[in-house]
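Trainee:
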Amino acid sequence: TDDIREAPALEVIHLLQVEGAIVKAYDPQAMDAARTMLPKVHLCGNPYEVAEGADALVLATEWNEFKQLDFERIAGLMRNKLIMDGRNLWDPERLRQYGFTYYGIGRPSLNGNDLSGCP
Numbered sequence: 329t330d331d332i333r334e335a336p337a338l339e340v341i342h343l344l345q346v347e348g349a350i351v352k353a354y355d356p357q358a359m360d361a362a363r364t365m366l367p368k369v370h371l372c373g374n375p376y377e378v379a380e381g382a383d384a385l386v387l388a389t390e391w392n393e394f395k396q397l398d399f400e401r402i403a404g405l406m407r408n409k410l411i412m413d414g415r416n417l418w419d420p421e422r423l424r425q426y427g428f429t430y431y432g433i434g435r436p437s438l439n440g441n442d443l444s445g446c447p
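Residue numbering for the sequence shown follows the working numbering, beginning at 329 and increasing consecutively.
Shown next, in the form of structure tokens:
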């Protein structure tokens, strides 16, 4: 749906911006709504544009388009290869093969970093 009024991503974006992050976003179904609700976010035309120069990538929605991303390409675009998979959409082992540090909600860390104490 293109209704993002209650989307958890809005809170994630807000918290990142409070910490000084420059946020880029892409949602294949909700770009028009995002333009209205997220005036301080750089909206991109595709996931690869989001990854360009990024320190981290956060997945907050699980559209089919995101299931078949070229992670080798994404790894080459990002400055730091950190992924927060909020939907457990991606295979952690596959991402690790491309050098990503991966965190999935409710999954044990494969990186030796324990985030269980994080709010």
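Built from N, CA and C at the ideal position, the CB exists for glycine as well.
Would you list the one or two residues that DSSP bridges to Leu-417?
Mentor: For Leu-417, which the question treats as bridged, DSSP gives no partner whatsoever.
Trainee: Should Ile-402 be labelled buried (16 or more other beta-carbon atoms within 10 Å of its own) or exposed?
Mentor: buried
Trainee: Can you tell me whether Pro-336 is buried or exposed? The criterion is at least 16 other CB atoms within 10 Å of its CB, across all chains shown.
Mentor: exposed
Trainee: Is the beta carbon of Tyr-354 sitting closer than 8 angstroms to the one on Val-378?
Mentor: Yes, these two residues count as a Cβ contact at 8 angstroms.
Trainee: Tell me Ile-411's beta-bridge partners as DSSP assigns them.
Mentor: Looking at the DSSP assignment, Ile-411 forms a beta bridge with Leu-385 and Tyr-430.
Trainee: Report buried or exposed for Lys-409, applying the criterion of at least 16 other Cβ atoms within 10 angstroms of its Cβ.
Mentor: buried
Trainee: Buried or exposed: Ala-349, going by 16 or more other Cβ atoms within 10 Å of its Cβ?
Mentor: Residue environment analysis places Ala-349 among the exposed positions, since fewer than 16 neighbouring C-beta atoms fall within 10 angstroms of its C-beta.
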